[in-house]
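Trainee: Residue numbers (my numbering): 466 to 1136.
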Amino acid sequence: MTPNQTTASVAVEASSGTHAMDTIRFQAKLLGLLRNGASAEELLQLQEQSGDIAHEPDHKELVAESIQAASSIQKLQAIQLQREKGLLAVLETAQDLTAIRDLDLVLQAIVRRSRQIFATDIGYLTNYDRVRNDFYIRATDGATSDRFRNVRVPPDHGICGHVLKHKTPYHCTNYMQDQGFMHDSGIDLAIAEEGVCSLLGAPLMVGNHCIGILCVCDRQPRGHEPWEISMLATLAAQAAIAIENARLFQETQVALQRVSEANALLHQQTIEIADAAEAHEQMTKLAARGGSVTDILQMVASLLGAEVALLNEAEQLTYHARAPQATTDPQLSTLFQSVEVQDLVHKALTQSRLSGQSKSVAPAPDLVLKIAAITGANGLLGAMLMLSREAISDTQIRTFERGALVAGVALLSEERSKLALSSRSIATIRSLVTWQQEPLNVLQALTEPLGLDLNSPVRIMALHVESNHLEYALRRMRPRLPRSVLMETLDGLIVAIYAAHHAEETQTAVQSTLMQNSRLNVVGVYSDTITQISTLPQCFRSLKRCIDVLLALNRDNELVSEALFSMYALLFEQRGTKDLNSFIQASVGELIAHDLRRHTNLCGTLLAYLDESQSIKIAADALGIHVNTLRQRLETIDQLLGNWRNGSKTLEIQVALRMHKLNSSLSRVIE
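Below is the structure:
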């Protein structure tokens, strides 16, 4: 080997060694990048620089193999890193399940982490609505379209339908072109508006039931690795656990709440039952001690904290009590003045009497009126009322009804006393009006305990009421009369004997209580002042004759003086409506018909003329007309009645006209 050859060989070996060192340094740099977690882009840049380092074929092959190995390692590192992130997300989600109480926050966190793990554009979670039988999006992250966020997916369409049917994850790289599931135009429109291309979904399973879908999706084509599918399925399982735990927790809370409410209700009912038993005992003791109805009513009002009143059998307020804490306004006494409220109470009282239980009515907004009928052996004794602004509990109703029973016992006791007093009162009235009167001193001995002084002037009144309403009318009247008034039923009438100085008060009470009651048809007659007690029988007979005349004339709801009818009562005693009408028709029927037909007043004109002793001037002044007008009317009367100026005929016509005037209904006379 020549020196030149030797020198060249050494140079080649030196160059080869330099290239080998460059290759080694390149490999070391690759290892450094891998150690520092280099990205695929950094490795790609280093690969582009490898052409300047390796010149020998062997070196180039070695460098290429090193780069390929580094790329593989980098991919494995990236996958491992993603898996670690996924496991970390799973752990964080598990922590959320125990730390976050709000289910919607947990689901939102799962969706957000799923999107971060897989580095996707959108993440969302759908829930299966069993009522509507479709899916709706419950949590979403990254979506921008309202249509997408609010879309509802039928159970047999889209990826949701596929996952629901097969209960396994499903992924696609291009949603619009994927034919692995049934498409829906509405869903496709929402997908297109959001720009979704690839999609991966995993079922939320509870046992064998799919309750929702967890999905991640991108706006460009993308494949999904098996570990990604597995990781999403794990997150979906945690979401299912969260939803199921929340449902169970909610059901547990509801059950606990119901148990708590049941315990509270049971405790309250126990207290109320004890209170009701104590109230019943108190009322029973009060009744046993001889407590009055007023005492019992006041106790019931205090126990119930309300306003309580008692109606008599005529449905009139007789007793009233109000607890200090009662807040109802208006008060019951004011409210009961309304006819509408009285009608409501009357209907409820009838129902309570038939059913044996109390009934409720609403007389005004936010007011409750409770009615309990009080009955005795002989029928209705009355009713107890309770007015409250608040709802009435069952225990309060029982206390109220027990109070009505105890009040009934007290009323029966009072009823016996009243019955004894009424018997004495009836016997006294009969003694006063019978033809075989007892001596005055005996009559005074009977009336003095009842408050009536026979040494002072008295009056007598007779009222006719339909027989089935006699007792009702009598019970309505008694509380409104002065104590000294004797009023009882006798011979089918209500008869009252009272002091003359109580005349106006008694007559006003009858007018306001009976005459204005639409349920009753009452006619009555009262006498003038009587100073001789011995004339009471004759006066009573006269009142009965006047009643007969009033009934014959079909007069309703009138209270008149005996003096107005006594003469006609004598003339038409034992005559009926037909007889009276026949007499009037035969005497002045032509005048009545003319007045009805021509709307004149010939009857009134002739009666005034006869009453004024046939004086034209005085009669014209009384009628307020000109004497010539009166003469013209008399001429017409002459034409209608013919020879009516005969003495006996004139008296007959005057009586007929007077009877016609007394009869307030002209049409009934003509009939």
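We treat Cβ as the ideally placed atom computed from N, Cα and C, and that holds for glycine.
Computed from a predicted structure; not experimentally measured.
In the DSSP assignment, find the beta strand (DSSP E) that holds H838 and state where it starts and stops.
Mentor: Checking the displayed sequence, the identity of residue 838 turns out to be Ala instead of His. V833 to G841 is the extent of the beta strand (DSSP E) around A838.
Trainee: Output needed for D643: all residues of its chain with C-beta closer than 7 Å, excluding positions within five of it in sequence on either side, in chain order.
Mentor: Around D643: C637.
Trainee: Where do the N-terminal and C-terminal ends of the alpha helix (DSSP H) with Y1074 fall, by residue?
Mentor: Start and end: L1067 to D1076.
Trainee: Assign P411 to one of two classes, buried (16 or more other C-beta atoms within 10 Å of its C-beta) or exposed (fewer than that).
Mentor: Residue coverage of the chain in this structure runs from 466 to 1136, which leaves residue 411 outside it and unanswerable.
Trainee: Go ahead and label N1093 buried or exposed: buried means 16 or more other beta carbons lie within 10 angstroms of its beta carbon, across all protein chains shown.
Mentor: N1093 comes out exposed.
Trainee: If we count the other Cβ atoms within 10 Å of its Cβ and call it buried at 16 or more, is M926 buried or exposed?
Mentor: M926 is buried by the Cβ-count criterion.
Trainee: Suppose you measure from the CA of E855 to the CA of Y937; what does that come to, to the nearest Å?
Mentor: Taking the straight line joining both Cα atoms gives about 34 Å.
Trainee: For the pair the region 590–599 and the region 611–630, tell me if three or more CB-CB distances fall below 8 Å.
Mentor: Yes, the region 590–599 touches the region 611–630.
Trainee: Which two residues bound the contiguous alpha helix (DSSP H) that contains L1106?
Mentor: First-last of the alpha helix (DSSP H) with L1106: V1092 to L1106.
Trainee: Would L850 and A774 be called neighbours here (beta carbons separated by less than 9 Å)?
Mentor: Yes; because the gap between Cβ atoms is below 9 Å, this pair is in contact.
Trainee: Report the three-state DSSP secondary structure of D606 (helix, strand or coil).
Mentor: Note: D606 maps to strand in three-state DSSP.
Trainee: With DSSP collapsed to three states, give me the class of R617.
Mentor: Strand, per DSSP.
Trainee: Mapping the DSSP letters down to three states, classify A479 as helix, strand or coil.
Mentor: Note on A479: pLDDT 45, under 50, position unreliable in the model; the coordinate value appears next. Looking at A479 - three-state DSSP - the assignment turns out to be helix.
Trainee: Can you tell me where the alpha helix (DSSP H) holding D808 begins and where it ends?
Mentor: Looking at the DSSP string, the run of the alpha helix (DSSP H) that includes D808 is V804 to S820.
Trainee: Looking at the unbroken beta strand (DSSP E) that takes in H732, where does it start and where does it end?
Mentor: No beta strand (DSSP E) contains H732, which is instead part of the alpha helix (DSSP H) from P691 to A753.
Trainee: Counting along the chain, where does the beta strand (DSSP E) carrying N592 start and finish?
Mentor: It spans I587 to D594 - the beta strand (DSSP E) in which N592 sits, taken as one unbroken run.
Trainee: Answer with buried or exposed for P634, where buried requires no fewer than 16 other C-beta atoms within 10 angstroms of its C-beta.
Mentor: The residue in question, P634, is buried, as its Cβ has 16 or more Cβ neighbours within 10 Å.
Trainee: For S823, count the other beta carbons within 10 Å of its own beta carbon; 16 or more makes it buried, fewer makes it exposed. Which is it?
Mentor: S823 comes out buried.
Trainee: Which residues share a DSSP beta bridge with I962?
Mentor: Partner(s): I925 and L951.
Trainee: Between which residues of its own chain and S999 is the CB-CB distance below 6 Å, once the five residues before and five after are set aside?
Mentor: Same-chain partners within the cutoff: there are none.
Trainee: Per DSSP, what are the beta-bridge partners of I678 in this structure?
Mentor: Paired residues: T591 and P668.
Trainee: Restricting to Cα atoms, I'd like to know which of W692, G645 and I656 is closest to N615.
Mentor: When only C-alpha atoms are compared, the closest one is I656.
Trainee: How big is the Cα-Cα spacing for A869 and A968?
Mentor: Going from the Cα of A869 to the Cα of A968 covers about 37 Å.
Trainee: So, helix, strand or coil for Q823, using DSSP?
Mentor: What sits at residue 823 in the sequence shown is Ser, not Gln. Here S823 sits in coil by DSSP.
Trainee: What residue from S921, W692, G666 and E1077 has the CA that sits closest to V681's CA?
Mentor: The shortest C-alpha separation from V681 is found at G666.
Trainee: For G677, count the other beta carbons within 10 Å of its own beta carbon; 16 or more makes it buried, fewer makes it exposed. Which is it?
Mentor: Classification of G677: buried, given that the 10 Å Cβ count is 16 or more.
Trainee: How about the region 810–820 and the region 729–749: do they share at least three Cβ pairs that are nearer than 8 Å?
Mentor: Touching, no, given that fewer than three Cβ pairs across the two stretches are closer than 8 Å.
Trainee: I think R924 touches N777, with their Cβ atoms under 8 Å apart; what is that distance to the nearest whole Å?
Mentor: Their Cβ separation, rounded to whole angstroms, is 26 Å, which puts R924 and N777 out of contact at 8 Å.
Trainee: Label E1027 either buried or exposed according to how many other C-beta atoms from any shown protein chain fall within 10 Å of its C-beta, with 16 as the threshold for buried.
Mentor: By the 10 Å Cβ count, E1027 comes out buried.
Trainee: So what does DSSP say about S663, is it helix, strand or coil?
Mentor: In the structure shown, S663 sits in a strand (DSSP, three-state: E or B).
Trainee: Taking Cβ to Cβ, would you say Q902 is nearer than 9 Å to N920?
Mentor: For Q902 and N920, no; Cβs fall outside 9 Å.
Trainee: Please classify Y635: does DSSP put it in a helix, a strand, or coil?
Mentor: In the structure shown, Y635 sits in a strand (DSSP, three-state: E or B).
Trainee: Quick one, which of W900, A892 and V804 has its alpha-carbon nearest M952's?
Mentor: For M952, the nearest C-alpha among the options comes from A892.
Trainee: Would you kindly report the start and end of the unbroken beta strand (DSSP E) that includes R787?
Mentor: Element bounds for R787: L782 to R787.
Trainee: Would T954 and L979 be called neighbours here (beta carbons separated by less than 9 Å)?
Mentor: No.
Trainee: Check this for me: beta carbons of L852 and L832, under 9 Å apart or not?
Mentor: Yes. Within cutoff.
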